[in-house]
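Remarks on the structure that follows.
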Amino acid sequence: MEGRGAGSWESRRSFCDIDTSRRRFTVGARLRPGALPHLARCAAQDLTDRSLPIEDVFGRAGRALGTRMAAESPLEALRELERFLSSQLEELFHECSH
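End of the sequence shown = 105 in this note's numbering, gap-free, step of one.
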């Protein structure tokens, strides 16, 4: 998380060095192939090998997530990310079952 509180979403096909000098910490999640377009509700190629503000991927909910994560310790930020992704999946499953 960068000091200003905004999170970013990065999706990479391969290893990439990133400048972390302005970040307090970095958290992430490894997703199974094919999961990203369902979670983000957009085409995977729109996100692959790019770094985007989290609100560009998840809208207001993403902005709120970034704010919550920036206010937390690295471990709590990871838990926030886990809860957020779980809620996205629950919402998706609910939509698919109706």
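Heads up, the beta-carbon is just placed ideally off N, CA and C, and yes, glycines get one too.
The structure presented is a predicted model; accordingly, all values stated were derived computationally and were not measured.
- A straight line joining the alpha-carbon of R29 with that of E62 spans about 20 Å.
- Checking the DSSP bridge columns, you'll see S94 has no partner listed.
- In the three-state scheme derived from DSSP, where H, G and I count as helix and E and B as strand, T74 is classed as helix.
- For R86, the secondary structure class from DSSP, reduced to helix, strand or coil, is helix.
- The C-alpha of A78 lies about 12 Å from the C-alpha of L85.
- Sixteen is the threshold: when 16 or more other Cβ atoms of the shown chains lie within 10 Å of the Cβ of S15, as they do, the residue is buried.
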